[in-house]
Amino acid sequence: MSGRLENDSFKLLELKLNLEGNMADKIQNAYETSKNIYDDVLTQRNIFSKLYIKLFWSGTDDNDIARKVLSYVPDDFSGKLLDVPVGTAVFTENKWSSLKNAHITCIDYSMDMLEQARKRLGSHAHIKCIQGGVGNLQMEDESVDTVVSMNGFHTFLDKQKAFHEIWRVLKPGGDFIACFYPMRRKTPCFSYGDIRRVHRI
Numbered sequence: 238m239s240g241r242l243e244n245d246s247f248k249l250l251e252l253k254l255n256l257e258g259n260m261a262d263k264i265q266n267a268y269e270t271s272k273n274i275y276d277d278v279l280t281q282r283n284i285f286s287k288l289y290i291k292l293f294w295s296g297t298d299d300n301d302i303a304r305k306v307l308s309y310v311p312d313d314f315s316g317k318l319l320d321v322p323v324g325t326a327v328f329t330e331n332k333w334s335s336l337k338n339a340h341i342t343c344i345d346y347s348m349d350m351l352e353q354a355r356k357r358l359g360s361h362a363h364i365k366c367i368q369g370g371v372g373n374l375q376m377e378d379e380s381v382d383t384v385v386s387m388n389g390f391h392t393f394l395d396k397q398k399a400f401h402e403i404w405r406v407l408k409p410g411g412d413f414i415a416c417f418y419p420m421r422r423k424t425p426c427f428s429y430g431d432i433r434r435v436h437r438i
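Take any residue in the sequence shown, count from 1 to its spot, add 237: that is its number in my numbering.
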């Protein structure tokens with residue numbers, strides 16, 4: 238296991254964010270409170286959400302970021318894909334639904350978010366939505382071809398453990414595609430809206 242983690246590119250992905258207090262409860266409560274406006278804000282569907290994004294998220298266009306992240310997944314992808322955290326699947330619904338020959342597992346800690354994702358993805362036999370945490374993935378070693386993590390890594394309580402778990406389930410030759418943009422913050426490795434694709438050797 239330790240040999241796998243020596244990859245320099247992978248080491249660049251280790252974020253150092255300080256989380257204080259009972260963050261699990263804070264995160265859950267935040268998503269429960271915002272679930273009804275979450276999609277509108279991220280997709281900037283109306284003037285108020287556009288103004289909010291402009292004022293509080295420095296005008297970041299989540300739609301553009303989502304398109305860039307998803308462009309790394311081929312339109313003819315037919316392997317096993319893990320999407321964590323899936324959120325409400327507002328950005329991934331169309332792409333995941335079109336990958337009929339793939340086997341897609343979507344995981345989220347928040348049941349509220351997952352319920353929204355199930356409404357969008359639940360009718361597709363090749364997609365399953367599971368509640369769970371990235372720090373303890375119920376998946377076999379080296380069993381996934383691609384892992385996608387869009388706009389959620391900053392909410393994971395133990396980021397080091399999350400990276401270890403993702404690397405554990407990722408097949409040699411697989412891809413970890415992620416976007417990191419915690420609001421109003423820069424980290425030693427990432428700036429706001431940073432997108433990385435790491436190929437596991």
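Cβ coordinates follow ideal geometry from the N, Cα and C atoms, glycine included.
Residue burial annotation: Pro-322 is buried, with at least 16 other C-beta atoms found within 10 angstroms of its C-beta.
Excluding the 5 residues flanking it on each side, Asn-338 has same chain C-beta neighbours closer than 7 Å at Ser-315, in chain order. One Cα belongs to Gly-389, the other to Phe-417, and the distance between them is close to 7 Å.
Pairing Lys-398 with Gly-372 gives a Cβ-Cβ distance under 8 Å. For Met-387, the uninterrupted beta strand (DSSP E) segment begins and ends at 381-387.
Inter-segment contact for the segment 362-369 and the segment 342-349 is present: three or more beta-carbon pairs are separated by less than 8 Å.
If the five residues before and after His-361 are omitted, its C-beta is found closer than 7 Å to the C-beta atoms of Ser-334, all from its own chain and listed in chain order. Taking Arg-437 as reference, the option from Val-381, Lys-305 and Leu-307 with the minimal CA-CA separation is Val-381.
For Arg-437, the three-state secondary structure derived from DSSP is coil.
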